[in-house]
Amino acid sequence: MRSTISHIKEMKRKGEPVVMLTAYDYPTARIVDQAGIPLILVGDSLGMVVLGYETTIPVTMAEMLHHTKAVVRGSRQALIIGDMPFMSYHLSADDALRNAARFIQEGGAQAVKLEGGVTVADKVKCIVECGIPVMGHIGLTPQSINQLGGYKIQGKTPEAARRLLADALALQEAGSFAVVLETVPSPLASLISRRLSIPTIGIGAGAGCDGQVQVIGDVLGLNPDFNPKHAKPYAQLYDVMSTAVTQYRDEVQSGRFPTERQGFTMDESVISQLEDESS
Ligand code: KIV
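Start counting the sequence shown at 1; every next residue gets the next number (our numbering).
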């Protein structure tokens, strides 16, 4: 039985921290799911972590759906949230609803996430009213990177802080079941978390949020060239994987792999027969 949005909202009421982690494929989803993490986000960070794009902007609906399906197949207990990519919810509420429905019907996700506050509240309301749970995402919203002028901390001035609080309240009012706060000063994230009845899930927003989300590549240490301040690597998988791959190369080149152990035998008479026939 998968986690539900009631379960996630209940966690805030009980003061239990909500844990969310991204996953983009079947084997990683299995690990995250079996670790008992209740929320898996198929983030559009897929574009940067897995597909090698420079930003999340080029990510398409087709790419997101392809990876969402794999994550759903790899999980049993977590609630799967499909991240709506750039321009999949901007044109109209109808368009937003159609694309959100694709994540549920085709992708097999249980919820969607989209970026923005007051300006997308009408779309959130429309999607929620049709029975699709929505997670909001405010603060540093990577799909607006060109407008924001870089990956900067958001909400530092009184006006910007007030705007973020208004965005969070608008998302709650529109029916979101939770809101991601990305790269927001910790005191502001704490204040927003206290003002909302729905859970806030922070990334670079301090310990005062109701939950935390991280990108799986950062948690596993998959990219040695990228160490964001908000992240903590719990492993150095890039090094582990490089060592394994280099060792494999060396063993094939030196004839140490494969050994008899990795081969298969057959009745020798079959080979003798074949040799006789061809001689
Ligand atoms: O795409 C993503 O991984 C995200 C998280 C950073 C919240 O939006």
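Using N, Cα and C, we set each Cβ at its ideal position, and we do this for glycine too.
Distance check for residue j and residue i, CA to CA, integer angstroms please.
{"i": "glutamine 110", "j": "valine 240", "result": "34 Å"}
{"i": "alanine 23", "j": "leucine 220", "result": "11 Å"}
{"i": "isoleucine 5", "j": "phenylalanine 257", "result": "50 Å"}
{"i": "tyrosine 89", "j": "arginine 13", "result": "31 Å"}
{"i": "lysine 69", "j": "threonine 28", "result": "13 Å"}
{"i": "proline 185", "j": "valine 120", "result": "23 Å"}
{"i": "arginine 163", "j": "threonine 246", "result": "51 Å"}
{"i": "glutamate 268", "j": "valine 252", "result": "26 Å"}
{"i": "glycine 114", "j": "phenylalanine 103", "result": "In the sequence under discussion, the amino acid at residue 114 is leucine, which differs from the glycine named in the question. Whole-angstrom Cα-Cα distance: 12 Å."}
{"i": "proline 228", "j": "proline 158", "result": "26 Å"}
{"i": "glycine 15", "j": "glycine 255", "result": "58 Å"}
{"i": "glycine 108", "j": "isoleucine 127", "result": "16 Å"}
{"i": "arginine 249", "j": "glutamine 236", "result": "21 Å"}
{"i": "glutamine 105", "j": "aspartate 122", "result": "22 Å"}
{"i": "glutamine 273", "j": "phenylalanine 264", "result": "19 Å"}
{"i": "asparagine 146", "j": "lysine 152", "result": "12 Å"}
{"i": "threonine 183", "j": "threonine 141", "result": "9 Å"}
{"i": "glycine 206", "j": "glutamate 260", "result": "54 Å"}
{"i": "isoleucine 40", "j": "alanine 93", "result": "25 Å"}
{"i": "alanine 101", "j": "isoleucine 271", "result": "58 Å"}
{"i": "proline 17", "j": "glycine 36", "result": "13 Å"}
{"i": "methionine 144", "j": "glycine 150", "result": "Here residue 144 is serine; the residue named in the question, methionine, does not match the sequence. Each residue's alpha carbon lies about 9 Å from the other."}
{"i": "glutamine 212", "j": "leucine 91", "result": "30 Å"}
With a CB to CB cut of under 7 Å and the five nearest residues on each side skipped, what residues in its chain are close to residue i?
{"i": "serine 176", "result": "Val124, Val134, Met135, Gly136 and Ile198"}
{"i": "alanine 96", "result": "Tyr89, Lys123, Cys126 and Ile127"}
{"i": "lysine 156", "result": "Pro185"}
{"i": "glutamine 214", "result": "Leu21, Ile203 and Ala231"}
{"i": "glutamate 99", "result": "According to the sequence displayed, residue 99 carries asparagine and not glutamate. Closer than 7 Å at the Cβ level, and outside the excluded window around asparagine 99, lie Met61, Met84, Ser88 and Tyr89."}
By Cβ distance, which residues of its chain are closer than 8 Å to residue i, with the 5 residues on each side in sequence left out?
{"i": "alanine 168", "result": "Gly117, Gly136, Ile138, Val179, Leu181, Ile192, Arg195, Leu196 and Thr200"}
{"i": "alanine 1", "result": "Reading off the sequence, residue 1 comes out as methionine, not alanine. Gln77."}
{"i": "arginine 63", "result": "According to the sequence provided, residue 63 is glutamate. The question's arginine does not apply to it. Once the five neighbours on either side are set aside, the close Cβ partners of glutamate 63 are Leu46, Gly47, Leu51 and Pro85."}
{"i": "alanine 166", "result": "Gly117 and Val118"}
{"i": "leucine 148", "result": "Leu140, Thr141 and Gln154"}
Note down, in chain order, each residue of its chain lying with its Cβ closer than 6 Å to the Cβ of residue i, except the 5 sequence neighbours on either side.
{"i": "glycine 74", "result": "Tyr26, Ala29 and Arg30"}
{"i": "alanine 43", "result": "Looking at the sequence itself, residue 43 is glycine, so the reference to alanine does not match. Taken in chain order, the residues that qualify are Thr22 and Asp83."}
{"i": "alanine 189", "result": "Leu181, Gly202, Ala205, Gly206, Gly208 and Cys209"}
{"i": "phenylalanine 286", "result": "Because the chain in this structure spans residues 1 to 279, residue 286 falls outside the shown range and cannot be described."}
- [ ] Jot down the residue ranges of each uninterrupted beta strand (DSSP E) in the segment 150-229, minimum 3 residues, whole runs only, in chain order.
- [x] Under the rule that a run must span 3 or more residues, the beta strand (DSSP E) segments found entirely inside the segment 150-229 read 178-182, 200-203 and 211-214.
Quick one: any contact between the segment 47-67 and the segment 241-251, if contact means 3 or more CB pairs under 8 Å?
no
Let me know the beta strand (DSSP E) ranges lying completely inside the segment 27-98, each 3 residues or longer, listed in chain order.
39-42 and 79-83
Next on the checklist: At 4 residues or longer, what runs of the alpha helix (DSSP H) sit wholly inside the segment 106-139?
Outcome noted: Taking only runs of at least 4 residues, the alpha helix (DSSP H) segments lying wholly in the segment 106-139 are 121-129.
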